[in-house]
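In what follows, a structure is listed as structure tokens, so that the remarks can point back to it.
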Amino acid sequence: MRAYQRYIAINSVGAYLYYFFIFAPLYASQNGITLEAAGWIFSGVYALQAVLTYTLGRLFERFSPNWGVIIGRAIFGLGPLVLFFRIDTVSFITAMILASFFDVFFPSFVLFERAIFPPQKREFIYRTIIFVSESVKMCFLVPIVAFHFRPSRSLFLTQFLAAISFSLAFYLFLPKISTGSEVHGGSFTSNKRN
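Each residue of the sequence shown is one higher than the one before, counting from 9 in my numbering.
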């Protein structure tokens, strides 16, 4: 299996993790936190995330973006784990902050992709990732809507395990990039005149 095929397969796990941001407020509302309060918490967390993305996300221009992706997804996984063990306002805020670390380290994904995939393949890879990701989301969304699914604690445990599996697979099966400043050789064209 080629690196881009492994990358697409590993990214399909991320589609399942996307549902955390839908399930967490629903689960919180079942346990005494209003949707309005959840909305305010999301807003506060995203303000914090914007600052952290700029400061921490830039670190991986000097370090390996692999570690940014792995650490970001592993920290994300702690958010669902918090909700698996406890649900109250403090644990909900904590879970949302932890889950936001995936987006904080998202620049590492971009740096990884630029280093590993030639420019002419990126468009195909991005289209395929979107197709696979949305297909995975639909596989979960249809039963949720059809059966009026209510999130339970066990869902958050599966999301924690999926996030850790993602991090391990990214570490074990994808090429290692030494710094985020590495760019695939085909990304630049020479401006020299002959």
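No residue lacks a Cβ here, since even glycine has one placed at the ideal position from N, Cα and C. Given the structure is predicted, the values throughout are model-derived calculations rather than measurements.
| query | result |
| --- | --- |
| Counting C-beta neighbours from all protein chains within 10 Å, is the total for Met-104 16 or more, i.e. buried, or is it exposed? | buried |
| Just the C-alpha distance for Met-9 and Thr-97, rounded to the nearest angstrom, thanks. | 45 angstroms |
| Looking at C-beta atoms only, is the number of pairs between the stretch 171–180 and the stretch 76–85 that lie closer than 8 angstroms three or more? | yes |
| Hey, how far is the Cα of Ala-182 from the Cα of Phe-132? | The sequence given here has Leu at residue 182, not Ala. If I take the Cα positions, the gap works out to 18 angstroms. |
| Grab me the residues of Ala-55's own chain with a C-beta within less than 6 angstroms of its C-beta, minus the 5 sequence neighbours each way, in chain order. | none |
| Grouping DSSP H, G and I as helix and E and B as strand, with all else coil, what is Lys-200? | Its pLDDT being 39, under 50, Lys-200 is placed unreliably in this model, and the coordinates cannot settle the point. |
| If I measure Cβ to Cβ from Leu-64 and keep anything under 6 angstroms in the same chain, skipping five residues before and after, which residues do I get? | Val-112 |
| Quick check: what's the CA-CA separation for Phe-196 versus Glu-121? | Because the pLDDT at Phe-196 is just 37, under 50, the model does not fix this residue reliably, and the value given afterwards should be weighed accordingly. In a straight line, the C-alpha of Phe-196 is about 15 angstroms away from that of Glu-121. |
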